[in-house]
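First residue of the sequence shown: 1, per UniProt numbering; consecutive thereafter.
Ideal placement from N, C-alpha and C gives every residue a C-beta, glycine not left out.
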Amino acid sequence: MKIVPSIGGWTLSDPFFHFGNNTYRERFVKSVGEFLRTWKFFDGVDIDWEFPGGFGATPGLGNTVSDGRTYVLLMQELREMLDDLEEETGREYELTSAIGNSPAKLAVVDFGEAQQYMDYLFPLTYDFYGAWSNTLLGHQTALFASNFRPNEEAQTDSLVKTLLDQGVEPGKIAVGAAMYGRGWTGVSDTGGHLMTGTASGPVKGTWENGVLDYRAIAELKQSSEWEYFYDETAEAPYLYKRNSGDLVTYDDERSVRAKAKYVQENQLAGFFSWEIDGDNGDIVNAMHEGLGHPTTSGTNRTPVAHAGTDQSVFEGSNVQLSGTDSYDPDGDTLNYQWTQISGPAVALSNANSVSPSFATTSENTVITLEFELTISDGHLLVKDTVRITVVPVSSGNKPPSIDSIMPISLKSGESINITAHASDPDDDILTYSWTYPDALLTLDNISSANVTITASNVSTDVLTTIELTVFDGIDSTVQPVSITVIADTENNGNDSSCEIKDSDTDNHEAYEPNRVYGGNDTVKHNNLVWKAKWWTKGTAPSLSAAAWELSSDLELPWSAGKAYTGGQEANHEGRRYRAKWWTKGATPTTSNVWVDIGVATCK
């Protein structure tokens with residue numbers, strides 16, 4: 001175990017904003033060294049600057065232009081001090097930092113450059129929403145965007161991808177789990193997602209209104225007054241008290257295990273959490289076990305029951321229930337028992353199995369069936385429920401209709417915007433979903449009527465089909481759309497040159513290694529024009545130099561030193577490749593992170 005003091009925080013970050021002054025910054029770095037020499041049990045230091053560029057507790061503090069560079073210099077000088085201290089003491093010291101909880105906050109700092117001085121980065125993957133707003137509600141620590149706000153950036157995956165896009169190594173990024181929740185009161189259930197409503201104020205808290213310790217939330221969940229919900233798209237739980245409109249958003253064992261799976265799939269560093277005294281053991285154990293570590297406790301812990309997602313089916317259907325998401329923290333074998341607790345009686349087959357089934361009957365009206373799952377580890381019993389809505393085939397619902405979409409022809413690399421027009425005879429609310437072959441086409445806004453289609457580069461004409469599905473809540477209609485991707489015979493790589501030379505270089509001065517360049521200064525170097533992102537000296541412009549960005553309007557071949565994000569394309573050895581996800585240094589011809597999409601656009 002390592003113990004590291006954290007300096008700063010929400011209410012104590014003001015001094016950081018003055019560290020653009022070299023004297024103040026040097027004095028701080030020196031004082032940290034003196035602190036670590038005095039208190040010898042510490043293993044490094046954590047900087048919690050909330051936040052470079054502003055967005056913090058004190059209005060008026062922050063500079064979006066200079067704070068990013070100040071942050072990098074602070075990390076560099078702290079690392080140099082810690083290196084000297086390591087030589088002096090023979091110990092190792094870590095340098096870590098808690099960083100912003102939105103892409104906008106993260107964009108102020110080039111963490112791709114700062115990471116060379118740091119051991120770990122802790123993006124604050126919580127406090128996305130809270131009672132500071134009564135009109136804009138949401139999950140306070142979601143892993144992904146939810147269906148009710150599909151373009152949401154205030155979620156964990158968005159922060160991680162922002163850092164990866166900056167070139168941060170995955171193994172330096174940790175994900176946060178919240179040992180507390182945030183909430184509101186006076187939220188009305190209008191039939192949609194509760195997070196789309198409005199509130200009248202903050203919920204009664206543990207220490208302050210609007211904020212509850214997880215251990216307090218766990219007790220609330222046991223009360224019959226509170227309803228438990230889990231947003232499977234966002235991987236986010238929430239509680240609702242119907243008689244008062246209290247709504248609480250938080251992390252629980254299930255959402256933390258989902259984050260653990262995400263950490264492992266993306267090869268991230270692991271977990272961090274705020275804060276330990278708010279937990280009853282559930283969150284820290286889920287963090288530990290979710291990352292693959294077995295429990296060593298001799299105390300039997302309560303299993304977790306999940307009866308599955310509510311379903312809507314037609315009468316006459318065969319319905320399968322599922323408790324497969326249930327689990328036991330100790331790994332004990334579970335016993336399952338399903339019972340029907342409301343609605344016209346049906347015959348459950350294999351009611352003591354994890355996934356029983358039943359056939360719906362014809363009632364000629366919409367009915368709701370509710371089932372209760374009870375699981376046991378041999379010592380403790382827990383329950384969960386699921387609702388099945390049965391809709392008669394002759395319910396009178398009429399499926400939506402979609403106006404015909406004419407066949408589309410696209411040249412290689414070309415984009416087009418199309419808008420689908422759909423209507424519903426019953427005036428139901430419609431949702432849209434587009435599916436497509438991802439190696440040939442790229443679609444943006446696939447959950448809306450308006451979609452942008454971009455064709456890959458192909459060497460011969462290719463005919464393909466995309467599909468639009470429009471759903472009215474009961475019935476769906478599918479509209480196929482034929483698309484022909486036309487080979488660009490005028491620029492197929494046989495005649496077009498990949499010469500890396502910008503004719504505009506004559507209008508710029510040559511790069512000089514001993515000169516100081518400020519942000520937005522431009523130079524010519526290796527036949528290209530480059531622009532400095534911030535103050536820099538002695539670092540030559542290149543794709544791998546964090547202080548510089550390419551200003552020339554040219555496409556360069558694949559480079560091992562450049563970080564590519566999912567969807568970006570590059571030429572390499574006569575072929576054109578598209579990255580599946582963030583990558584750096586992986587050769588397109590040998591790595592499965594790249595998809596070969598045709599001949600290179602130039603030779």
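Contact annotation, LYS580 with VAL595: C-beta distance approximately 6 angstroms; criterion of less than 8 angstroms satisfied. When DSSP reads this structure, VAL529 sits in a beta bridge with LYS524. Inter-residue distance for TRP338 and ALA234 is about 27 angstroms (C-alpha atoms, whole angstroms). Here the alpha carbons of ILE402 and ASP475 stand approximately 13 angstroms from one another. Using a Cβ-Cβ distance cut-off of 8 angstroms, the region 55-65 and the region 500-511 are not in contact, since fewer than three pairs of beta carbons, one from each stretch, lie closer than that value. Look at ASN22 here: in three-state DSSP terms it is helix. DSSP, reduced to helix, strand and coil, places GLY292 outside both helices and strands of the structure shown, so it counts as coil.
Per the coordinates, the alpha-carbon of GLN76 lies some 19 angstroms from the alpha-carbon of GLU88. DSSP, read as helix, strand or coil, puts LYS172 in helix. Ranked by Cα distance from SER404, the first of THR587, GLU467 and PHE19 is GLU467. Counted as a single uninterrupted DSSP element, the stretch harbouring LYS204 is not any alpha helix (DSSP H), since DSSP gives it neither H nor E.
ALA560 sits close to LYS584, with the two beta carbons spaced by under 9 angstroms. Note that the region 278-289 touches the region 211-222; at least 3 beta-carbon pairs, one per stretch, sit closer than 8 angstroms. Assigned with DSSP and collapsed to three states, THR389 falls in strand. In this chain, the alpha helix (DSSP H) harbouring LYS105 covers 103-107. For ALA455, the secondary structure class from DSSP, reduced to helix, strand or coil, is strand. For SER158, no beta strand (DSSP E) run applies; the uninterrupted alpha helix (DSSP H) run containing it begins and ends at 156-165, by DSSP.
Under the three-state reduction of DSSP, GLN140 is assigned to coil, being neither helix nor strand. Per DSSP, GLN311 is one residue of the beta strand (DSSP E) stretching across 311-314. Three or more Cβ pairs closer than 8 angstroms define a contact, and the region 346-363 meets that threshold against the region 312-326.
With fewer than 16 other Cβ atoms inside 10 Å of its own Cβ, ASN352 counts as exposed.
Counting every other CB atom within 10 Å of its CB across the protein chains shown gives ALA570 a total of 16 or more, marking it as buried. Just so you know, the alpha carbons of THR419 and THR365 end up roughly 36 angstroms apart. At least 9 angstroms separates the beta-carbon of TYR129 from that of ARG79. About 19 angstroms separates the CB atoms of MET179 and ILE99; that is not less than 8 angstroms, and the two are not in contact. Here PRO480 is bridged, per DSSP, to GLU467. ALA236 has its alpha-carbon roughly 18 angstroms from the corresponding atom of VAL386. Sequence-distant Cβ neighbours of HIS139 in its own chain, meaning closer than 6 angstroms and more than five residues away, are ALA234, ALA236 and THR249.
For SER273, the enclosing beta strand (DSSP E) starts and ends at 270-274. In the three-state reduction of the DSSP assignment, ARG149 falls in the coil class. Remark: fewer than three beta-carbon pairs, one from each stretch, lie closer than 8 angstroms, so the region 439-449 and the region 368-375 are not flagged as touching.
With 16 or more other Cβ atoms from the protein chains shown falling within 10 Å of its own Cβ, SER551 counts as buried. Pairing LYS524 with ASP502 gives a Cβ-Cβ distance under 9 angstroms.
TYR564 carries a strand assignment under DSSP once its states are collapsed to helix, strand and coil. Linking GLN479 to PRO150 through their CA atoms gives a straight-line distance of about 22 angstroms. The Cβ atoms of THR442 and THR469 lie no closer than 9 angstroms to each other.
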